[in-house]
Amino acid sequence: MHIAENIKRLRRARDITQDDLAELLSVTPQAVSKWEQGGSLPDISMLPVLAQTLDCSVDELLGMERVRGDDLRKTIERFSTDMTFSLKNLDDLIAAIRRYPTNEELLFGAIGTLANYSTVFFKYGQQDGVAIDLARAAEVRDLAITCAERVLKYSDDLDHIMYAYYWMIDLYVEWEQFDKAEAIAMKFPTNSGAIGYDRNSQLAKVVVRRDNSYESQLPYRGEAVIDAFRGLMSCIRDLTNTYAGMKRYGDALAVAKYVEDLMPLTLPGEPENYYGVFVVEQMYLSLARYSAECGDYEGALAYLEKHVSVRLAMQERDVNHYVQPVYKTPLFKNRIIREQTLHYDDTDTGALEHLRAVLASEWLDPVRDDARFVALTERVERDAR
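So the sequence shown is numbered by our numbering: it starts at 3 and just counts up by one.
Take a look at the structure:
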(Lines of atoms letter the chains of each structure in order from A and count residues from 1; the text may use other names and numbers.)
(Lines give C-alpha, C1' and ligand atoms only; values in the text may rest on other atoms or scores of the structure.)
Protein backbone atom coordinates (compact mmCIF):
# COMPACT_ATOMS: atom_id res chain seq x y z
CA MET A 1 0.00 0.00 0.00
CA HIS A 2 1.08 3.59 -0.64
CA ILE A 3 -0.89 5.27 2.14
CA ALA A 4 2.01 7.44 3.29
CA GLU A 5 2.56 8.86 -0.21
CA ASN A 6 -1.19 9.24 -0.74
CA ILE A 7 -1.75 11.19 2.49
CA LYS A 8 1.04 13.62 1.56
CA ARG A 9 -0.14 13.96 -2.05
CA LEU A 10 -3.80 14.48 -1.17
CA ARG A 11 -2.96 16.91 1.65
CA ARG A 12 -0.85 19.04 -0.66
CA ALA A 13 -3.54 18.90 -3.33
CA ARG A 14 -5.93 20.48 -0.83
CA ASP A 15 -3.26 23.06 0.04
CA ILE A 16 -3.26 22.37 3.78
CA THR A 17 -0.32 21.92 6.13
CA GLN A 18 0.41 19.02 8.43
CA ASP A 19 -0.64 21.21 11.34
CA ASP A 20 -3.96 22.01 9.61
CA LEU A 21 -4.67 18.34 8.96
CA ALA A 22 -3.75 17.44 12.54
CA GLU A 23 -6.17 20.07 13.86
CA LEU A 24 -8.98 18.84 11.61
CA LEU A 25 -8.46 15.27 12.79
CA SER A 26 -7.80 16.12 16.43
CA VAL A 27 -4.38 14.48 16.38
CA THR A 28 -0.86 15.84 16.85
CA PRO A 29 1.20 17.23 13.96
CA GLN A 30 3.83 14.62 14.88
CA ALA A 31 1.30 11.86 14.19
CA VAL A 32 0.59 13.26 10.72
CA SER A 33 4.32 13.56 10.04
CA LYS A 34 4.86 9.90 10.98
CA TRP A 35 2.02 8.82 8.67
CA GLU A 36 3.56 10.63 5.73
CA GLN A 37 7.03 9.26 6.46
CA GLY A 38 5.73 5.72 6.79
CA GLY A 39 6.73 5.48 10.45
CA SER A 40 3.19 4.60 11.50
CA LEU A 41 -0.31 4.21 10.09
CA PRO A 42 -3.57 5.92 11.00
CA ASP A 43 -5.91 3.87 13.15
CA ILE A 44 -8.35 1.94 10.98
CA SER A 45 -11.29 3.68 12.65
CA MET A 46 -9.90 7.02 11.47
CA LEU A 47 -9.70 6.12 7.78
CA PRO A 48 -13.25 7.26 6.82
CA VAL A 49 -12.76 10.64 8.52
CA LEU A 50 -9.29 11.04 7.01
CA ALA A 51 -10.62 10.20 3.55
CA GLN A 52 -13.47 12.68 3.94
CA THR A 53 -11.09 15.38 5.10
CA LEU A 54 -8.81 14.79 2.11
CA ASP A 55 -11.83 14.66 -0.23
CA CYS A 56 -11.21 11.14 -1.51
CA SER A 57 -12.43 7.59 -1.05
CA VAL A 58 -10.93 5.13 1.41
CA ASP A 59 -9.90 3.02 -1.59
CA GLU A 60 -8.00 5.94 -3.08
CA LEU A 61 -6.40 6.70 0.27
CA LEU A 62 -5.18 3.12 0.56
CA GLY A 63 -4.06 3.02 -3.07
CA MET A 64 -6.57 0.32 -3.97
CA GLU A 65 -8.16 2.22 -6.89
CA ARG A 66 -4.86 2.16 -8.77
CA VAL A 67 -4.39 -1.54 -7.98
CA ARG A 68 -7.89 -2.36 -9.12
CA GLY A 69 -7.46 -0.25 -12.24
CA ASP A 70 -4.27 -2.06 -13.19
CA ASP A 71 -5.88 -5.42 -12.49
CA LEU A 72 -8.92 -4.51 -14.56
CA ARG A 73 -6.82 -3.40 -17.53
CA LYS A 74 -4.81 -6.61 -17.40
CA THR A 75 -8.00 -8.66 -17.14
CA ILE A 76 -9.62 -6.97 -20.15
CA GLU A 77 -6.42 -7.26 -22.18
CA ARG A 78 -6.15 -10.95 -21.37
CA PHE A 79 -9.67 -11.85 -22.41
CA SER A 80 -9.47 -9.71 -25.56
CA THR A 81 -6.29 -11.46 -26.76
CA ASP A 82 -6.52 -15.00 -25.38
CA MET A 83 -9.30 -16.63 -27.40
CA THR A 84 -8.45 -20.16 -26.22
CA PHE A 85 -11.50 -22.10 -25.06
CA SER A 86 -10.76 -23.81 -21.77
CA LEU A 87 -12.54 -24.44 -18.50
CA LYS A 88 -9.88 -22.42 -16.66
CA ASN A 89 -10.36 -19.41 -18.91
CA LEU A 90 -14.12 -19.65 -18.41
CA ASP A 91 -13.77 -19.80 -14.63
CA ASP A 92 -11.37 -16.85 -14.69
CA LEU A 93 -13.76 -14.83 -16.85
CA ILE A 94 -16.67 -15.54 -14.52
CA ALA A 95 -14.53 -14.51 -11.55
CA ALA A 96 -13.59 -11.26 -13.31
CA ILE A 97 -17.27 -10.47 -13.99
CA ARG A 98 -18.06 -11.01 -10.31
CA ARG A 99 -15.15 -8.76 -9.36
CA TYR A 100 -16.11 -6.00 -11.80
CA PRO A 101 -19.87 -6.44 -12.28
CA THR A 102 -20.49 -3.00 -13.81
CA ASN A 103 -17.45 -2.49 -16.05
CA GLU A 104 -18.93 -1.97 -19.50
CA GLU A 105 -15.81 -2.90 -21.47
CA LEU A 106 -15.43 -6.21 -19.65
CA LEU A 107 -19.14 -7.01 -19.89
CA PHE A 108 -19.22 -6.12 -23.60
CA GLY A 109 -16.34 -8.44 -24.38
CA ALA A 110 -17.77 -11.24 -22.27
CA ILE A 111 -21.17 -11.56 -23.96
CA GLY A 112 -20.13 -13.36 -27.14
CA THR A 113 -17.46 -15.39 -25.35
CA LEU A 114 -19.93 -16.71 -22.78
CA ALA A 115 -22.51 -17.41 -25.48
CA ASN A 116 -20.01 -19.58 -27.33
CA TYR A 117 -19.02 -21.40 -24.15
CA SER A 118 -22.70 -22.08 -23.49
CA THR A 119 -23.37 -23.63 -26.89
CA VAL A 120 -20.06 -24.99 -28.22
CA PHE A 121 -18.76 -26.24 -24.89
CA PHE A 122 -21.67 -27.45 -22.85
CA LYS A 123 -24.76 -27.75 -25.06
CA TYR A 124 -23.12 -29.61 -27.92
CA GLY A 125 -19.85 -30.79 -26.35
CA GLN A 126 -17.82 -29.74 -29.38
CA GLN A 127 -14.61 -29.41 -27.38
CA ASP A 128 -12.23 -32.25 -26.61
CA GLY A 129 -12.55 -33.47 -23.06
CA VAL A 130 -15.78 -31.56 -22.35
CA ALA A 131 -18.99 -33.54 -21.93
CA ILE A 132 -22.43 -32.22 -22.77
CA ASP A 133 -23.81 -30.51 -19.67
CA LEU A 134 -27.13 -28.76 -20.30
CA ALA A 135 -27.38 -27.42 -16.76
CA ARG A 136 -23.99 -25.71 -17.06
CA ALA A 137 -24.86 -24.54 -20.55
CA ALA A 138 -27.99 -22.82 -19.23
CA GLU A 139 -26.02 -21.31 -16.35
CA VAL A 140 -23.42 -19.79 -18.67
CA ARG A 141 -26.17 -18.67 -21.07
CA ASP A 142 -27.93 -16.82 -18.25
CA LEU A 143 -24.67 -15.10 -17.29
CA ALA A 144 -24.18 -14.00 -20.91
CA ILE A 145 -27.69 -12.54 -20.93
CA THR A 146 -27.02 -10.84 -17.60
CA CYS A 147 -23.88 -9.25 -19.05
CA ALA A 148 -25.90 -8.07 -22.07
CA GLU A 149 -28.58 -6.59 -19.83
CA ARG A 150 -25.94 -4.72 -17.82
CA VAL A 151 -24.43 -3.31 -21.01
CA LEU A 152 -27.91 -2.09 -21.98
CA LYS A 153 -28.27 -0.50 -18.54
CA TYR A 154 -24.92 1.25 -18.37
CA SER A 155 -23.97 1.95 -21.99
CA ASP A 156 -24.69 4.87 -24.29
CA ASP A 157 -22.58 3.34 -27.06
CA LEU A 158 -24.92 2.35 -29.89
CA ASP A 159 -22.55 -0.32 -31.17
CA HIS A 160 -22.44 -1.93 -27.73
CA ILE A 161 -26.22 -1.74 -27.39
CA MET A 162 -26.85 -3.40 -30.75
CA TYR A 163 -24.19 -6.01 -30.05
CA ALA A 164 -25.85 -6.89 -26.72
CA TYR A 165 -29.27 -7.24 -28.31
CA TYR A 166 -27.77 -9.26 -31.17
CA TRP A 167 -26.37 -11.90 -28.82
CA MET A 168 -29.49 -11.99 -26.68
CA ILE A 169 -31.51 -12.89 -29.77
CA ASP A 170 -29.00 -15.59 -30.73
CA LEU A 171 -29.16 -17.11 -27.26
CA TYR A 172 -32.93 -17.02 -27.01
CA VAL A 173 -33.23 -18.58 -30.47
CA GLU A 174 -30.68 -21.27 -29.59
CA TRP A 175 -32.75 -22.20 -26.55
CA GLU A 176 -36.05 -21.93 -28.42
CA GLN A 177 -37.34 -18.96 -26.45
CA PHE A 178 -38.74 -17.46 -29.62
CA ASP A 179 -41.16 -14.98 -28.05
CA LYS A 180 -38.32 -13.30 -26.17
CA ALA A 181 -36.12 -13.31 -29.27
CA GLU A 182 -38.87 -11.77 -31.40
CA ALA A 183 -39.59 -9.07 -28.82
CA ILE A 184 -35.94 -8.00 -28.84
CA ALA A 185 -35.76 -8.17 -32.65
CA MET A 186 -38.61 -5.67 -32.80
CA LYS A 187 -36.44 -3.18 -30.89
CA PHE A 188 -34.11 -2.91 -33.90
CA PRO A 189 -34.84 -0.16 -36.45
CA THR A 190 -36.04 -1.24 -39.87
CA ASN A 191 -33.04 0.56 -41.35
CA SER A 192 -30.04 0.66 -39.05
CA GLY A 193 -27.26 1.60 -41.46
CA ALA A 194 -25.34 -1.47 -40.28
CA ILE A 195 -25.75 -4.65 -42.32
CA GLY A 196 -27.21 -7.44 -40.20
CA TYR A 197 -28.23 -5.11 -37.39
CA ASP A 198 -31.68 -4.33 -38.71
CA ARG A 199 -35.09 -5.63 -37.65
CA ASN A 200 -35.66 -7.83 -40.67
CA SER A 201 -32.31 -9.63 -40.40
CA GLN A 202 -32.99 -10.34 -36.73
CA LEU A 203 -36.55 -11.53 -37.34
CA ALA A 204 -35.25 -13.82 -40.08
CA LYS A 205 -33.00 -15.55 -37.54
CA VAL A 206 -35.99 -16.10 -35.29
CA VAL A 207 -38.52 -17.45 -37.79
CA VAL A 208 -36.16 -19.83 -39.59
CA ARG A 209 -35.57 -21.71 -36.33
CA ARG A 210 -39.06 -21.29 -34.97
CA ASP A 211 -40.77 -22.61 -38.10
CA ASN A 212 -37.92 -24.90 -39.12
CA SER A 213 -38.34 -23.49 -42.61
CA TYR A 214 -36.08 -21.38 -44.77
CA GLU A 215 -39.15 -20.20 -46.64
CA SER A 216 -40.37 -18.39 -43.52
CA GLN A 217 -37.39 -16.06 -43.47
CA LEU A 218 -37.47 -15.19 -47.17
CA PRO A 219 -39.62 -12.03 -46.84
CA TYR A 220 -37.44 -10.73 -44.02
CA ARG A 221 -34.21 -11.47 -45.87
CA GLY A 222 -35.58 -9.65 -48.91
CA GLU A 223 -36.32 -6.55 -46.87
CA ALA A 224 -32.90 -6.76 -45.22
CA VAL A 225 -31.29 -6.82 -48.67
CA ILE A 226 -33.24 -3.71 -49.60
CA ASP A 227 -31.80 -1.98 -46.55
CA ALA A 228 -28.25 -3.06 -47.41
CA PHE A 229 -28.79 -2.12 -51.04
CA ARG A 230 -29.90 1.34 -50.01
CA GLY A 231 -26.52 1.86 -48.37
CA LEU A 232 -24.77 0.57 -51.47
CA MET A 233 -26.91 2.81 -53.62
CA SER A 234 -25.97 5.86 -51.56
CA CYS A 235 -22.28 5.11 -52.08
CA ILE A 236 -22.75 4.49 -55.79
CA ARG A 237 -24.80 7.66 -56.17
CA ASP A 238 -22.04 9.66 -54.48
CA LEU A 239 -19.50 8.13 -56.84
CA THR A 240 -21.58 8.84 -59.93
CA ASN A 241 -22.15 12.41 -58.76
CA THR A 242 -18.39 12.77 -58.41
CA TYR A 243 -17.86 11.54 -61.97
CA ALA A 244 -20.66 13.80 -63.19
CA GLY A 245 -19.05 16.77 -61.45
CA MET A 246 -15.89 15.96 -63.41
CA LYS A 247 -17.94 15.74 -66.65
CA ARG A 248 -17.02 12.03 -66.86
CA TYR A 249 -20.55 10.97 -67.73
CA GLY A 250 -19.46 7.74 -69.37
CA ASP A 251 -17.91 6.57 -66.12
CA ALA A 252 -20.96 7.75 -64.19
CA LEU A 253 -23.24 5.80 -66.52
CA ALA A 254 -21.12 2.65 -66.26
CA VAL A 255 -21.21 2.75 -62.47
CA ALA A 256 -24.97 3.45 -62.40
CA LYS A 257 -25.58 0.45 -64.65
CA TYR A 258 -24.06 -1.79 -61.99
CA VAL A 259 -26.99 -0.80 -59.79
CA GLU A 260 -29.47 -1.54 -62.57
CA ASP A 261 -28.05 -5.03 -62.97
CA LEU A 262 -28.54 -5.69 -59.27
CA MET A 263 -32.15 -4.53 -59.18
CA PRO A 264 -33.81 -7.81 -60.28
CA LEU A 265 -32.03 -9.59 -57.44
CA THR A 266 -32.52 -7.06 -54.71
CA LEU A 267 -35.94 -5.60 -55.46
CA PRO A 268 -38.20 -8.24 -57.05
CA GLY A 269 -41.60 -6.79 -57.85
CA GLU A 270 -42.75 -3.55 -56.30
CA PRO A 271 -40.73 -2.60 -53.21
CA GLU A 272 -42.85 -2.29 -50.11
CA ASN A 273 -40.80 0.17 -48.11
CA TYR A 274 -40.00 3.78 -48.80
CA TYR A 275 -36.29 3.26 -49.10
CA GLY A 276 -36.74 0.56 -51.71
CA VAL A 277 -38.96 2.80 -53.80
CA PHE A 278 -36.59 5.71 -53.36
CA VAL A 279 -33.66 3.60 -54.56
CA VAL A 280 -35.52 2.62 -57.72
CA GLU A 281 -36.64 6.15 -58.45
CA GLN A 282 -33.24 7.71 -58.00
CA MET A 283 -31.50 5.01 -59.97
CA TYR A 284 -33.68 5.52 -63.03
CA LEU A 285 -33.27 9.29 -62.86
CA SER A 286 -29.48 8.99 -62.70
CA LEU A 287 -29.41 6.54 -65.59
CA ALA A 288 -31.62 8.85 -67.66
CA ARG A 289 -29.40 11.85 -67.10
CA TYR A 290 -26.09 10.09 -67.71
CA SER A 291 -27.46 8.43 -70.85
CA ALA A 292 -28.52 11.83 -72.19
CA GLU A 293 -25.16 13.38 -71.32
CA CYS A 294 -23.50 10.55 -73.28
CA GLY A 295 -25.74 11.20 -76.29
CA ASP A 296 -27.93 8.08 -75.85
CA TYR A 297 -31.30 9.80 -75.95
CA GLU A 298 -33.28 6.64 -76.63
CA GLY A 299 -31.83 5.17 -73.46
CA ALA A 300 -32.46 8.41 -71.60
CA LEU A 301 -36.14 8.41 -72.56
CA ALA A 302 -36.52 4.76 -71.58
CA TYR A 303 -35.06 5.38 -68.14
CA LEU A 304 -37.04 8.60 -67.76
CA GLU A 305 -40.27 6.72 -68.41
CA LYS A 306 -39.38 4.26 -65.66
CA HIS A 307 -38.53 7.09 -63.29
CA VAL A 308 -41.89 8.76 -63.91
CA SER A 309 -43.76 5.48 -63.42
CA VAL A 310 -42.12 4.82 -60.05
CA ARG A 311 -42.67 8.38 -58.87
CA LEU A 312 -46.33 8.27 -59.81
CA ALA A 313 -46.72 4.91 -58.10
CA MET A 314 -45.35 6.43 -54.89
CA GLN A 315 -48.13 8.99 -54.71
CA GLU A 316 -50.80 6.31 -55.03
CA ARG A 317 -49.99 5.07 -51.54
CA ASP A 318 -50.71 6.75 -48.26
CA VAL A 319 -47.65 8.89 -47.59
CA ASN A 320 -47.46 7.46 -44.08
CA HIS A 321 -46.82 4.07 -45.67
CA TYR A 322 -43.38 5.32 -46.60
CA VAL A 323 -42.59 7.33 -43.50
CA GLN A 324 -40.51 5.33 -41.03
CA PRO A 325 -39.18 6.84 -37.79
CA VAL A 326 -35.90 5.08 -38.37
CA TYR A 327 -34.24 5.78 -35.05
CA LYS A 328 -37.26 6.12 -32.75
CA THR A 329 -36.96 2.67 -31.26
CA PRO A 330 -36.16 1.44 -27.75
CA LEU A 331 -32.76 0.39 -29.09
CA PHE A 332 -31.49 3.92 -29.47
CA LYS A 333 -31.42 5.79 -26.17
CA ASN A 334 -29.10 8.52 -27.37
CA ARG A 335 -31.09 11.73 -27.71
CA ILE A 336 -29.31 12.98 -30.82
CA ILE A 337 -29.74 9.69 -32.64
CA ARG A 338 -33.32 9.34 -31.45
CA GLU A 339 -34.24 12.64 -33.04
CA GLN A 340 -32.92 11.63 -36.44
CA THR A 341 -36.09 10.60 -38.26
CA LEU A 342 -37.05 10.25 -41.85
CA HIS A 343 -39.18 13.21 -42.81
CA TYR A 344 -41.55 13.16 -45.75
CA ASP A 345 -43.85 16.09 -46.46
CA ASP A 346 -47.37 14.76 -45.80
CA THR A 347 -49.04 17.95 -46.98
CA ASP A 348 -47.84 17.56 -50.57
CA THR A 349 -46.44 14.40 -52.16
CA GLY A 350 -44.36 16.66 -54.40
CA ALA A 351 -44.72 14.36 -57.40
CA LEU A 352 -45.94 17.06 -59.79
CA GLU A 353 -43.37 19.65 -58.79
CA HIS A 354 -40.57 17.09 -58.79
CA LEU A 355 -41.43 15.67 -62.22
CA ARG A 356 -41.94 19.11 -63.75
CA ALA A 357 -38.47 20.09 -62.54
CA VAL A 358 -36.97 16.89 -63.98
CA LEU A 359 -38.65 17.38 -67.35
CA ALA A 360 -37.38 20.97 -67.48
CA SER A 361 -33.75 19.86 -67.10
CA GLU A 362 -31.36 21.18 -69.75
CA TRP A 363 -30.00 17.72 -70.50
CA LEU A 364 -33.43 16.85 -71.94
CA ASP A 365 -33.48 19.78 -74.39
CA PRO A 366 -32.52 17.62 -77.41
CA VAL A 367 -35.61 15.38 -77.00
CA ARG A 368 -38.35 17.93 -76.25
CA ASP A 369 -39.94 17.42 -79.66
CA ASP A 370 -39.72 13.64 -79.44
CA ALA A 371 -43.17 12.02 -79.33
CA ARG A 372 -42.22 9.89 -76.32
CA PHE A 373 -41.14 12.97 -74.38
CA VAL A 374 -44.33 14.85 -75.30
CA ALA A 375 -46.44 11.87 -74.18
CA LEU A 376 -44.48 11.66 -70.94
CA THR A 377 -45.08 15.36 -70.25
CA GLU A 378 -48.81 14.94 -70.86
CA ARG A 379 -48.89 11.92 -68.56
CA VAL A 380 -47.24 13.87 -65.76
CA GLU A 381 -49.67 16.79 -66.07
CA ARG A 382 -52.59 14.38 -66.13
CA ASP A 383 -51.65 11.92 -63.41
CA ALA A 384 -49.32 13.73 -61.02
CA ARG A 385 -50.61 15.75 -58.10
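Idealized CB from N, CA, C, for every residue including glycine.
| task | If I'm right that methionine 285 touches methionine 235 with Cβ under 8 angstroms, what's the distance once you round it to whole angstroms? | result | The beta-carbon separation of methionine 285 and methionine 235, rounded to 7 angstroms, stays under the 8 angstroms limit for a contact.
| Three-state class that DSSP yields for isoleucine 18 in the structure shown | Coil.
| message | Would leucine 116 and valine 153 be called neighbours here (beta carbons separated by less than 8 angstroms)? | response | Not in contact: leucine 116 and valine 153 (Cβ atoms no closer than 8 angstroms).
| query | Can you tell which of Leu366, Leu306 and Glu364 has its C-alpha closest to the C-alpha of arginine 381? | reply | Arginine 381 has its Cα closest to that of Leu306, out of Leu366, Leu306 and Glu364.
| task | Quick one: residues in its chain with C-beta nearer than 8 angstroms to the C-beta of tyrosine 199, no 5 flanking neighbours on either side, listed in chain order? | result | Closer than 8 angstroms at Cβ, skipping near neighbours: Met164, Tyr168 and Phe190.
| request: Since I believe glutamate 355 is in contact with arginine 313 (beta carbons under 8 angstroms), could you give me their beta-carbon distance rounded to a whole number of angstroms? | output: About 11 angstroms; that fails the 8 angstroms criterion.
| query | Does the ligand ATP have a heavy atom nearer than 7 angstroms to the CB of glycine 297? | reply | Ligands displayed in this structure: none; no statement on the ligand ATP is therefore possible.
| Does DSSP put tyrosine 102 in a helix, in a strand, or in coil? | The answer is coil: DSSP assigns tyrosine 102 none of H, G, I, E or B.
| Delimiting residues of the alpha helix (DSSP H) encompassing phenylalanine 375 | Its alpha helix (DSSP H) spans residues 373 to 385.
| query | What residue from Asp213, Ser203 and Leu95 has the CA that sits closest to arginine 223's CA? | reply | Ser203 is the residue among Asp213, Ser203 and Leu95 whose C-alpha sits nearest the C-alpha of arginine 223.
| field | Cβ shell of leucine 205 (< 6 angstroms), same chain only, five flanking positions each side left out | value | Once the five neighbours on either side are set aside, the close Cβ partners of leucine 205 are Ala187 and Tyr222.
| query | Under a three-way DSSP split, which group does alanine 133 fall into? | reply | The three-state reading of DSSP puts alanine 133 in coil, since its state is none of H, G, I, E or B.
| field | CB contact check: proline 221 to chain D, cutoff 8 angstroms | value | This model lacks chain D altogether; it includes just one protein chain.
| query | Is DSSP giving histidine 323 helix, strand or coil here? | reply | Reliability fails at histidine 323, whose pLDDT of 43 lies under 50, so the model's placement of it is uncertain and the value that follows must be treated cautiously. It is helical.
| When the Cα atoms are used, what is the spatial distance from alanine 15 to threonine 104? | Approximately 30 angstroms between the Cα atoms of the pair.
| Do you know whose CA, among Ser35, Asp181 and Tyr119, lies nearest alanine 139's CA? | Comparing Cα positions, the closest option is Tyr119.
| task | Whole angstroms is fine: what's the gap from alanine 353's alpha carbon to alanine 362's? | result | Looking at the two C-alpha atoms, the distance is approximately 14 angstroms.
| request: Using alpha carbons as the reference points, say which of Ala258, Thr19 and Val227 lies closest to isoleucine 238. | output: For the set Ala258, Thr19 and Val227, the Cα lying nearest the Cα of isoleucine 238 is the one of Ala258.
| field | N- and C-terminal bounds of the alpha helix (DSSP H) containing proline 50 | value | For proline 50, the enclosing alpha helix (DSSP H) begins and ends at 49 to 55.
| message | For lysine 207, count the other beta carbons within 10 Å of its own beta carbon; 16 or more makes it buried, fewer makes it exposed. Which is it? | response | Buried: at least 16 other Cβ atoms inside 10 Å.
| query | How should glutamate 341 be labelled, buried or exposed, when 16 other C-beta atoms within 10 angstroms of its C-beta is the threshold for buried? | reply | Bear in mind that a pLDDT of 36 at glutamate 341, under 50, signals an unreliable position, so the number given afterwards is only what the model happens to contain. Answer is exposed; the Cβ neighbour count stays below 16.
| query | Within 10 angstroms of its Cβ, does arginine 384 collect 16 or more other Cβ (buried), or is it exposed? | reply | Using a 10 angstroms sphere on the CB of arginine 384, the tally of other CB atoms stays under 16, which defines it as exposed.
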